[in-house]
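Protein chains: 2
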Amino acid sequence: MFVLSDSKNQLRNIVRSDCKYKGRIIDLRVDTVKFPSGSEKVREVVLHKSAVGILPVNDRGEIILVRQYRHAIDEDIYEIPAGLVEEGEDPRETAVREMQEEIGYRPGHMEEIAEFYSSPGFCTEKITVYYADELTSSKLPEDEDEYIKVFAFAPEELEKMIAEKKIKDGKTLMAFYWYMARRPQK
Amino acid sequence: MFVLSDSKNQLRNIVRSDCKYKGRIIDLRVDTVKFPSGSEKVREVVLHKSAVGILPVNDRGEIILVRQYRHAIDEDIYEIPAGLVEEGEDPRETAVREMQEEIGYRPGHMEEIAEFYSSPGFCTEKITVYYADELTSSKLPEDEDEYIKVFAFAPEELEKMIAEKKIKDGKTLMAFYWYMARRPQK
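Protein chains in written order, with this note's numbering: chain F, 1 to 186; chain L, 1001 to 1186.
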């Protein structure tokens, strides 16, 4: 039994650790962990790159979303523009690059909304989400085999779509409610 | 080459599909997908059970969070009470059960905030998040080897903690901003 040297927690007694898969965007590790009670349990860990998402608001006050097919869930869904942080890239650079690739704008102003784990129970993926406005046209080529459609919705339209369960992406809902919570009170 | 019969999308031409791992809370499938351009690409899919989260608000207007160690990220983090939907369980039942196990209350009133994918780019996990209030004491035993601490924070305290980057869980941020966006305007 060994304890990982960089552990922040005394409970982290890993008896055994197996890499089950090394892939394109994820790796899978299966750890056997010994608890203070003495029992041993399996913990599956999906290792995933960091990602960014951006809530872009245009000068008409509309929120720009993309719609694309997601293979994992076999659905077309609306999402804020998003992407994986490449090796050596700062997440803010990723955000500006992804905006240009996916919606054809770059932001004059950008601020961080939050940095969070998408599913800390089993996955290391960390997402940084930004708010962006003062948009100017600037198009970079899309990734090959991405089939992205771009939409702009007034906040009231988005509220209606949420009520109709048409928005199914966690980071998109988080960013939208953040925006609604900080809007000037009428 | 075959097309999954239940596919909602014509692009879903799966050339090959391999189950790489079958586990406790996740399975891993690796698909080779043929795109309209003719190119073939690998898509990794993590199959994960559905989950619930609950934003409980007590009669002092405080939000109840739990703090627990998460092995995947090797950190103690604050989260809304949450858990996996068991076989045959309705998500609302899961929510009421998890509240009793993790914080020792059951709700008199509960409403759905949203149902969303935590990371639709690679994972099937769907989370239903509820708002709960009118809490009454009702304790069920915790799962073995869960070491959960319970906290109650005023919304203003939580806002400060978020500004200090002390809240790192996506579903918790989403639920909190939903709550702030709908609070009566002062």
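Cβ atoms here follow ideal geometry from the backbone N, Cα and C, with glycine treated the same way.
- Residue pairing of Y130 (chain F) in beta bridges, as defined by DSSP: F:I54, F:E112.
- Under DSSP, I1077 (chain L) takes part in a beta bridge, and its partners are L:Q1068.
- Within the same chain, Cβ atoms closer than 7 angstroms to the Cβ of F1122 (chain L) are found at E1044, V1045, V1046, the five residues on either side in sequence being excluded.
- The CB of K1171 (chain L) comes closer than 8 angstroms to the CB of G170 in chain F, given here in chain order.
- Within chain F, no C-beta atom comes nearer than 9 angstroms to that of Y1130 (chain L); the closest sits roughly 14 angstroms away.
- Of all residues in the segment 1076-1098 of chain L, only D1076, I1077 place a beta-carbon less than 7 angstroms from a beta-carbon of chain F.
- Shown here, Y179 (chain F) sits in a helix according to DSSP, grouped into three states.
- Contact check for M174 (chain F) against L1173 (chain L) passes: the beta carbons are separated by less than 7 angstroms.
- For the pair E1086 (chain L) and L1055 (chain L), the Cα-to-Cα distance works out to about 20 angstroms.
- Here the segment 106-120 of chain F makes no contact with the segment 1055-1069 of chain L; the two share fewer than three CB pairs at distances below 8 angstroms.
- Apart from the 5 residues on each side of it in sequence, T128 (chain F) sits with its Cβ closer than 6 angstroms to the Cβ of V52, P91, E115 in its chain, given in chain order.
- For S1050 (chain L), no chain F residue has a C-beta closer than 9 angstroms to its own C-beta; the minimum C-beta separation is roughly 12 angstroms.
- E157 (chain F) sits exposed, since fewer than 16 C-beta atoms from the chains shown fall within 10 Å of its C-beta.
- Counting every other CB atom within 10 Å of its CB across the protein chains shown gives H1109 (chain L) a total below 16, marking it as exposed.
- Shown here, V1096 (chain L) sits in a helix according to DSSP, grouped into three states.
- Only residues of its own chain outside the window of five on either side were considered, and among them V1046, H1048, K1049, S1050, A1051, Y1117, S1118, S1119 have a CB closer than 8 angstroms to the CB of E1125 (chain L), listed in chain order.
- Neighbourhood of D1145 (chain L) in chain F, by CB distance below 7 angstroms: F35, S37, S39, K41, in chain order.
- In this structure, the CA atom of E134 (chain F) is about 15 angstroms from the CA atom of E112 (chain F).
- Residue environment: R182 (chain F) is assigned as exposed (fewer than 16 neighbouring CB atoms within 10 Å of its CB, all protein chains considered).
- Per the C-alpha coordinates, the member of L:A1163, L:S1138, L:E1159 positioned closest to I1063 (chain L) is L:E1159.
- Here D1018 (chain L) has V1030 as same chain residues with Cβ atoms under 6 angstroms from its own Cβ, once five neighbours each way along the sequence are excluded.
- The Cβ of P120 (chain F) sits closer than 7 angstroms to at least one Cβ of chain L.
- Counting only the Cα atoms, D27 (chain F) lies some 21 angstroms from E1040 (chain L).
- Residues of the segment 1017-1034 of chain L with a Cβ closer than 8 angstroms to any Cβ of chain F, in chain order: K1020, Y1021, G1023, R1024, I1025, I1026, L1028, V1030, D1031, V1033.
- I1063 (chain L) does not reach chain F, its nearest Cβ partner there being about 14 angstroms away, counting only Cβ pairs nearer than 9 angstroms.
- Within its own chain, the residues whose Cβ lies closer than 6 angstroms to the Cβ of L1140 (chain L), once the five positions on either side in sequence are excluded, are Q1100, E1101, listed in chain order.
- Put simply, the CB of R1067 (chain L) is far from chain F, with every gap to its CB atoms at 7 angstroms or more.
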